[in-house]
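Remarks on the structure that follows.
In the numbering used here, the protein residues as written are 20 to 157.
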């Protein structure tokens, strides 16, 4: 009797879900410069139709249809302090507009906090596909 190698329970999540590669977080230094993990060639996000870029704060405008209108100033101050110390860990998501600026899709709190932290640039995921393929349900 040969015993079959167990591939399921008792072997950890890697055995159940398969091995997955670990993705490094995208961060900027306090001066707004992308870290080395943000500048490395093609990533899984690029393959999914997203391009990682470093955009200036002035190039980004909030979505006028954003349902969230109130942002807690105290929470934004805390996030701004964290961003000033550690940088932006998760990039915002924007989409290009016909006017040459980018419209926020996700991450308005991070964008506002980056402004408070006086960053000049912020990491952003920009869709490579046309604007007509909107990400939102409207």
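For each residue, glycine too, the CB sits at the ideal point set by N, CA and C.
Among the residues of its own chain, which have a CB less than 6 angstroms from the CB of residue i, if the five just before and after it don't count?
i: residue 134; result: 76
i: residue 102; result: 132, 133, 136
i: residue 125; result: 112
i: residue 70; result: 145, 147
Spatial neighbours of residue i within its chain, please: CB distance less than 8 angstroms, with the 5 preceding and 5 following residues excluded, ordered by chain position.
i: residue 95; result: 128, 131, 132, 135
i: residue 123; result: 79, 80, 81, 82, 85, 111, 112, 113, 130
Quick one: is residue i buried, meaning 16 or more other Cβ sit within 10 Å of its Cβ, or exposed?
i: residue 113; result: buried
i: residue 99; result: buried
Do you know offhand how far residue i's Cα is from residue j's?
i: residue 140; j: residue 107; result: 10 angstroms
i: residue 120; j: residue 82; result: 12 angstroms
i: residue 146; j: residue 93; result: 32 angstroms
i: residue 110; j: residue 88; result: 21 angstroms
i: residue 105; j: residue 144; result: 19 angstroms
i: residue 138; j: residue 117; result: 25 angstroms
i: residue 72; j: residue 142; result: 6 angstroms
i: residue 74; j: residue 97; result: 23 angstroms
Give me, in chain order, the residues of the same chain whose beta-carbon lies closer than 7 angstroms to that of residue i; leave out the 5 immediate sequence neighbours on both sides.
i: residue 85; result: 127
i: residue 90; result: 128, 131
Would residue i pass as an interface residue toward chain C - the criterion being a Cβ-Cβ separation below 8 angstroms?
i: residue 78; result: Annotation note: the requested chain C is absent from the structure, which comprises a single protein chain.
> What are the start and end residues of each continuous alpha helix (DSSP H) run of 4 or more residues lying completely inside the region 91-157, in chain order?
Replying inline: 92-105, 127-135
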